[in-house]
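Counting in the working numbering, the sequence shown runs from 2 upward without gaps. Working notes, beginning with the structure itself.
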Amino acid sequence: MQATYDSAVRDLLSRIFDAGQEDLVEDWVRRQLTDSPAWTGEQELRREAKELLGALRGALDTELRLERIVDRDEAVRAALRGLSERRARAGAAPTSTAMAIFGLKRATLAALEDHTGDPEVRYQASLQVNRFLDAASLLTFSVYVEGRDEIIRRQHQQMLELSTPVVRLWRQVLAVPLIGTLDSARTQVVMNSLLEAIQTHEARVAIIDITGVSTVDTAVAQHLLQTVSAVRLMGAECLISGVRPSIAQTVTQLGIDLSHIETRGSLADALATAMRLIGDHARSGVVTG
2 MQATYDSAVR DLLSRIFDAG QEDLVEDWVR RQLTDSPAWT GEQELRREAK ELLGALRGAL
62 DTELRLERIV DRDEAVRAAL RGLSERRARA GAAPTSTAMA IFGLKRATLA ALEDHTGDPE
122 VRYQASLQVN RFLDAASLLT FSVYVEGRDE IIRRQHQQML ELSTPVVRLW RQVLAVPLIG
182 TLDSARTQVV MNSLLEAIQT HEARVAIIDI TGVSTVDTAV AQHLLQTVSA VRLMGAECLI
242 SGVRPSIAQT VTQLGIDLSH IETRGSLADA LATAMRLIGD HARSGVVTG
């Protein structure tokens, strides 16, 4: 029975999305402004509505089954993704996106009453509208979550970079003061920032200060060893400062070998060592004769 009415349903929806588009847009915008606080102005909502309705109208001329339009039609998917991503970037609540699609569903179902007198065609069209707009709602929610997650990831990355600054203490001497927990993600940020700074400043000595690191376990020690190795591959010497008695005891108990790395109890001691190393480098570069 559904297949019998497919052509009639397509024609009906085409008239609504085409000839009746202006009325549908105004109804949809009005419902959005009523259902939830507006995240943007009416003109932007109208532009967004026309973009999506135009994509849906174009999809009706394809060979796609009506219930597969949202899954398969690229123009429709792009319009839905744009709708959801704009709301995510604007900081709108997820309900704003859901209510937008719900508003389109109600507006379209209401328009069916005005464009056909055949109750069976209206019923079949209602089923299809519910199906593909429910799928649209699921897609927009998924995109919204992905968008918010991406924003959170970027903010987290920015916070990591801000929490691990590379400080130039002296000519050719850099330092990275670490505070808090040192995990794999943060270690990678430290390593990248430090290696880039070594290249930029042509540094000969890098100091990793762990005075503010609360605990040192096997994983943290391995992260530090990796960073030291990477610094040495860049042609610089690496010192670790801020080794408190409790940390020294923990490292010993864990059986971690840091004997090949120069460590100092304070940043001041490490800086003094760095100045000596720079002096040694300078003297070794002097040509006599």
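C-beta atoms are modelled at their ideal positions from N, C-alpha and C, and glycine is treated no differently.
Residue i versus residue j - alpha carbon distance
i, j, result
"arginine 277", "proline 95", "59 Å"
"methionine 235", "arginine 169", "17 Å"
"glutamine 200", "histidine 224", "21 Å"
"serine 143", "alanine 91", "16 Å"
"glutamine 3", "alanine 79", "For glutamine 3, the pLDDT reaches just 47, beneath the cut-off of 50, and the residue's location in the model is therefore unreliable, although a value from the coordinates is still provided. In a straight line, the C-alpha of glutamine 3 is about 28 Å away from that of alanine 79."
"threonine 35", "alanine 76", "28 Å"
"isoleucine 180", "threonine 141", "39 Å"
"arginine 107", "arginine 31", "12 Å"
"isoleucine 208", "aspartate 218", "20 Å"
"isoleucine 262", "valine 71", "59 Å"
"phenylalanine 18", "leucine 196", "57 Å"
"isoleucine 257", "arginine 69", "59 Å"
"aspartate 184", "glycine 280", "34 Å"
"leucine 272", "aspartate 150", "41 Å"
Residue i - DSSP class collapsed to helix/strand/coil
i, result
"leucine 61", "coil"
"glycine 213", "strand"
"arginine 245", "coil"
"leucine 195", "helix"
"tyrosine 145", "helix"
"arginine 123", "helix"
"isoleucine 257", "coil"
"aspartate 28", "helix"
"aspartate 184", "coil"
"arginine 47", "helix"
Residue i - containing beta strand (DSSP E), residue span
i, result
"leucine 240", "238-242"
"glycine 181", "174-181"
"threonine 264", "263-265"
Residue from the options whose Cα sits closest to the Cα of residue i
i, options, result
"aspartate 135", "Met100, Gly243, Gly92, Ala186", "Met100"
"glutamine 33", "Leu84, Ser247, Val122", "Leu84"
"threonine 274", "Ile257, Arg149, Ile241", "Ile241"
"glutamine 189", "Leu226, Lys106, Ser127", "Leu226"
"valine 10", "Leu128, Val167, Thr253", "Leu128"
"glutamine 22", "Ala176, Ala56, Arg245, Glu45", "Ala56"
"glutamate 64", "Ser8, Glu114, Glu45, Gly118", "Ser8"
"leucine 46", "Ala271, Arg88, Glu121, Leu139", "Arg88"
"alanine 231", "Leu105, Met192, Thr109", "Met192"
"arginine 172", "Ala220, Tyr6, Ala198, Ala112", "Ala198"
Range of the contiguous alpha helix (DSSP H) that encloses residue i
i, result
"valine 167", "Run containing valine 167: none; DSSP gives neither H nor E here."
"glycine 21", "No alpha helix (DSSP H) holds glycine 21; DSSP gives it neither H nor E."
"serine 230", "219-234"
"tryptophan 75", "Reading off the sequence, residue 75 comes out as glutamate, not tryptophan. Per DSSP, glutamate 75 belongs to the alpha helix (DSSP H) from 75-91."
"serine 97", "95-116"
Beta-bridge pairing of residue i - partner residues as DSSP gives them
i, result
"isoleucine 297", "The structure shown has nothing for residue 297, since the chain only spans 2 to 290."
"tryptophan 171", "Val174"
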